[in-house]
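The opening position of the sequence shown corresponds to residue 1 in this note's numbering, with each subsequent residue numbered one higher.
Idealized CB from N, CA, C, for every residue including glycine.
Below: one structure, written as structure tokens.
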Amino acid sequence: MYDWLLSTLSTSAITTFLLVVLGWLGRNLIKNRLKASVQHEFDEKLETLRADLRKSEEAFKADLRAKEAQIATLQSGALTVLASRQAALDKRRLDAIDQLWAGIDALVPLKMAAMSMATIKFDASLKLASEDPKVRDLFAKLPGNVDLKTFPKVEVHKSRPFVSEIAWALFSSYQAIVGYAAAQLQLLKAGLNVPDLLNAEHVSKLAKSVLPHYADYIDTFGSAGYYNMLEPLEAELLKELRRMMRGEESDKASVEQAARIMKEVEIVNEAISKCPTT
Numbered sequence: 001m002y003d004w005l006l007s008t009l010s011t012s013a014i015t016t017f018l019l020v021v022l023g024w025l026g027r028n029l030i031k032n033r034l035k036a037s038v039q040h041e042f043d044e045k046l047e048t049l050r051a052d053l054r055k056s057e058e059a060f061k062a063d064l065r066a067k068e069a070q071i072a073t074l075q076s077g078a079l080t081v082l083a084s085r086q087a088a089l090d091k092r093r094l095d096a097i098d099q100l101w102a103g104i105d106a107l108v109p110l111k112m113a114a115m116s117m118a119t120i121k122f123d124a125s126l127k128l129a130s131e132d133p134k135v136r137d138l139f140a141k142l143p144g145n146v147d148l149k150t151f152p153k154v155e156v157h158k159s160r161p162f163v164s165e166i167a168w169a170l171f172s173s174y175q176a177i178v179g180y181a182a183a184q185l186q187l188l189k190a191g192l193n194v195p196d197l198l199n200a201e202h203v204s205k206l207a208k209s210v211l212p213h214y215a216d217y218i219d220t221f222g223s224a225g226y227y228n229m230l231e232p233l234e235a236e237l238l239k240e241l242r243r244m245m246r247g248e249e250s251d252k253a254s255v256e257q258a259a260r261i262m263k264e265v266e267i268v269n270e271a272i273s274k275c276p277t278t
């Protein structure tokens, strides 16, 4: 009986053990299968997500390339327009420089008037001319004796927007100074003894504002010395025009000087315009 009991217990223990093992194996098998199933499903979803991301990335890159192409086209067009405008502006600036310098050439007859006045004491000569017709005839034969009302106008105003402020001021002052000399000669020719009509102080202030280093010279020689200032004035204008051709911008000092010069130019031109001519 003891053997039977031992045999029965051993069989029961073995059975229990087997059941436990089988249960453990079953649970692990189910667990592994579930894990594999979940992993498979996760891998499928992950791959789908990756594929979607790749598609989105490709679409984004394609859209980016398209936009970059659009931007490049716009930039190219804008740069082309800008370059075209700059080229047109540069050409117009060069044309304006030519026009302004041609204006100096057109003023040669008035420059001759300044040359004639360089040897004449204006106030004393004006008194003589008002009293003696022969003196008036003599002055009528001097170089530079032109009628300011019929003298061809210098067509340079179209160039003004394309030249620097100081370039325009230098030209305008040159024109005013030679115009003043021509007006003096006209008064001598007409024998009109009105010296106050052409106030020498106005031209003196203009000349000093243009060539300040000539101040002492102007104080010494007055209007008789203006002719000798014309060449330095031409040189200053030429230097400014060359600076413009190099594409250099005006500085603050030159802009302020140009404003001062133009104020004096307006005063002198107003006096010249009131001068009667014959």
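1. Reducing DSSP to helix, strand and coil, say where residue 241 ends up.
2. Excluding the five sequence neighbours on either side, which residues of its own chain have a C-beta within less than 8 Å of the C-beta of residue 215, listed in chain order?
3. Mind checking which residues open and close the alpha helix (DSSP H) that includes residue 202?
4. Compare the beta carbon distance of residue 174 and residue 233 with 7 Å and say whether it is the shorter of the two.
5. Quick check on residue 56: buried or exposed, where buried means 16 or more other Cβ atoms within 10 Å of its Cβ?
6. Pick from 274, 177, 184, 154: whose alpha carbon is nearest that of residue 210?
7. Which residues in the same chain have their Cβ closer than 8 Å to the Cβ of residue 148, if we skip the five residues on either side of it in sequence?
8. Can you tell me the Cα-Cα spacing of residue 236 and residue 254, whole angstroms?
9. Tell me which residues share the same chain as residue 154 and place their Cβ nearer than 6 Å to its Cβ, disregarding the 5 neighbours each side in the sequence.
10. Using only the alpha-carbon positions, how far apart do residue 238 and residue 168 sit?
11. Only counting the same chain, and skipping five residues up and downstream in sequence, which positions put a Cβ closer than 8 Å to that of residue 206?
12. Residues in its own chain within less than 6 Å of residue 48 by CB, not counting five upstream and five downstream?
13. With a Cβ-Cβ cutoff of 7 Å, do residue 100 and residue 171 count as a contact?
So, from the listed chains and residues:
1. In the three-state reduction of the DSSP assignment, residue 241 falls in the helix class.
2. So the list reads 208, once near-sequence residues are dropped.
3. It spans 200-210 - the alpha helix (DSSP H) in which residue 202 sits, taken as one unbroken run.
4. Annotated as proximal: residue 174 and residue 233, with beta-carbon spacing under 7 Å.
5. Counting Cβ neighbours within 10 Å, residue 56 comes out exposed, since fewer than 16 surround it.
6. The residue with the shortest Cα to Cα distance from residue 210 is 177.
7. Answer for residue 148: 179, 182, 183, 186, 272, 275, 277, listed in chain order.
8. Going by C-alpha positions, residue 236 is about 12 Å away from residue 254.
9. Once the five neighbours on either side are set aside, the close Cβ partners of residue 154 are 103, 106.
10. If you draw a straight line from the Cα of residue 238 to the Cα of residue 168, it is about 12 Å long.
11. Here the set comprises 173, 176, 177, 261, 264, 265, 267, 268.
12. Sequence-distant Cβ neighbours of residue 48 in its own chain, meaning closer than 6 Å and more than five residues away, do not exist here.
13. Yes; because the gap between Cβ atoms is below 7 Å, this pair is in contact.
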